[in-house]
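Residue numbers in the sequence shown follow this note's numbering, run continuously in steps of one, and reach 1125 at the last position. Here a beta-carbon is modelled for each residue, glycine too, at the ideal position from N, C-alpha and C.
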Amino acid sequence: MRQVIPRTLPLLLAAILTVTARAQDATSCEQAYGRAYTLYDQDGRLNEAWTLLDSLCSECRKDKDQLQRIVFLKAVIEARNDSIKAMRRSVEQLFRNDRGYVLKPYDPIIVGLPVKEEIFTTYEQLSGSRGAGPGQLRKDHGQWRVGLHFEGHRSDLDLEDPPRVFEADAPPKYKGTLGWEAGAHAEWDMVPNLALRIGAGWSEWNLEASSNGVRYGEKLTFIPLGLGVKKMFWIKDCSWVPYILGEGSYMLLRNATADIERTGDGLRFLAPKSVERASERKTEQIAVGGGLGVGYKVGHVVLFVEGHYRYALDRITKDEPTYTESELLTNYYWVDGKFSLSGGGVAIGLQYVLRYHPNNRIFK
């Protein structure tokens, strides 16, 4: 027990001092606000009250409840002084401090004031209403976002001349087929409307090949890791936010399976066969790409749809594959063509805004 007390005592003292300091800060902010309100309400010294409130905006930033009262009174004084632009900036700052802020038209500070209508109109322009429309803050998709997406895509094969083993066979024709991807991502606005995106997921890519004698289908599954840059554009009086996207992807192959079927060569009957092809495929793929999309915010959730294309920088097939399934060659007369696996698709998803920009973006 004698050893425990000396170790815990400094931590306990530090906690007490921290709580005490915060309480003192809150008390000083409340007292300063009280002085400003007295200057405004009883003495009519609006400019002095505004100067005091303006200094408190930075000093009392940690106390959000108190900061809301400070900024609101500051906006009222600006409206009464006919500083409409300044008032609008302050009203937006109320939302920067608390995105769920609600202005009550019967607030005693503004009831009976001629500028009440101007203040409330600005509030509705930002937050939205039946008369004012969806609100300008709907275009603000925040500073930090996390999301989920699902994509449907089609493989696009860049194929060299496919080899032919059996003389009676025509060269096989390859084509990409539909696949999918599901994943999660995060975005951070490096500067307003220019975001860094990182993501990871699970994807499936498919292809088919056929000739007069053989039908071949292959499914490849990857873990894609993406890094990209997203540029958003605000269009006046439009709540939809279009954007362009550039990205690079590192794709780690997890599995590759194929189904092959031969109609016969006139001498034998061969049953369809499923084979593992991962040993004949490269385990890593690098791709670059870009796309276009559009997002729409509902509450703190951004719904989006985007189309994009990924271009593979190298072939997925090995330069000198070693056939672990020799039966493919000896019985089915099949040798891979060399191809790269690119593709394009459409993704839908949603994002949740974790944090908004602390500084004004509408009224600057």
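Query                                                                                                              : Result
Cβ pair count under 8 Å reaching 3, the stretch 1064–1082 against the stretch 1098–1112                            : yes
In chain order, each beta strand (DSSP E) run of at least 3 residues that lies wholly inside the stretch 1032–1079 : 1034–1037, 1045–1059, 1062–1073
Under 8 Å between C-beta atoms of L1013 and I984                                                                   : yes
Per-residue burial, Q1112 [other beta carbons within 10 Å of its own, 16 or more giving buried]                    : buried
Counted within 10 angstroms of its Cβ, other Cβ atoms place E921 as buried (16 or more) or exposed                 : exposed
A931 versus V1107, W1095, R1116, I1123, residue with shortest Cα-Cα distance                                       : W1095
Close-in-space but distant-in-sequence residues of the same chain around K900 (CB under 7 Å, 5 per side omitted)   : W995, S1000, V1002
Neighbourhood of D815 by C-beta, 6 Å cutoff - its chain only, sequence neighbours within 5 removed                 : none
Cβ neighbour criterion (16 or more within 10 Å) applied to W963                                                    : exposed
Distance, L817 Cα to Y801 Cα                                                                                       : 15 Å
Proximity test, Cβ basis, 8 Å: P924 and chain C                                                                    : Looking at the structure shown, chain C is missing, and only one protein chain is on hand.
Helix, strand or coil at V990 according to DSSP, with G and I counted as helix                                     : strand
Residue range of the beta strand (DSSP E) that includes A945                                                       : 934–952
Where N1121 falls: helix, strand or coil (DSSP)                                                                    : coil
Minimum C-alpha distance to R915 - residue among K992, H1069, E1037                                                : H1069
Whole-angstrom distance between H1118 and A961, CA atom to CA atom                                                 : 25 Å
Buried or exposed (CB count within 10 angstroms, at least 16 for buried), F911                                     : exposed
Cβ-based neighbour list, L918, same chain, cut-off 8 Å, excluding 5 preceding and 5 following                      : Y935, K936, G937, L968, F1100, S1101, L1102, S1103
Paired residues, beta bridge with T1018 - DSSP                                                                     : K980, E1037
Cβ pair W966, L1115 closer than 8 Å                                                                                : no
Extent of the continuous beta strand (DSSP E) run through I880                                                     : Careful: I880 lies outside any beta strand (DSSP E), inside the alpha helix (DSSP H) at 877–888.
Other residues of its chain near Q785: CB distance less than 7 Å, five sequence neighbours each side excluded      : Because Q785 sits at a pLDDT of 46, beneath the cut-off of 50, its placement in the model cannot be relied upon, and the following sentence gives the value as read from the coordinates. Around Q785: no qualifying Cβ.
Simplified DSSP assignment, three categories, for S1087                                                            : helix
Those residues which DSSP pairs with G1007 across a bridge                                                         : V990, G1051
Buried versus exposed call for K1127 [16 or more other C-beta atoms within 10 Å across all chains shown]           : Examination of residue 1127 is not possible in this model, given that the chain is present from 762 through 1125 alone.
Residue burial classification, V975 (beta-carbon count within 10 angstroms, cutoff 16)                             : buried
Option in A793, Y798, L864, K992 with minimal Cα separation from T882                                              : L864
First and last residue of the uninterrupted beta strand (DSSP E) at W1095                                          : Note, W1095: premise wrong, no beta strand (DSSP E); not H, not E.
Residues sharing a beta bridge with W905, DSSP                                                                     : W949, R1116
Under 8 Å between C-beta atoms of A793 and L807                                                                    : no
Local conformation of F911 per DSSP, three classes                                                                 : strand
Span of the alpha helix (DSSP H) around P996                                                                       : It is worth fixing the name first, because residue 996 is Ile in this sequence and not Pro. Where I996 is concerned, there is no enclosing alpha helix (DSSP H), given that its DSSP letter is neither H nor E.
Beta strand (DSSP E) segment containing A961, residue limits                                                       : 955–971
Sub-8 Å separation of F833 and L898 beta-carbons                                                                   : no
Alpha-carbon spacing of E839 relative to S789, whole angstroms                                                     : 24 Å
C-alpha gap between R1038 and V1107, whole angstroms                                                               : 28 Å
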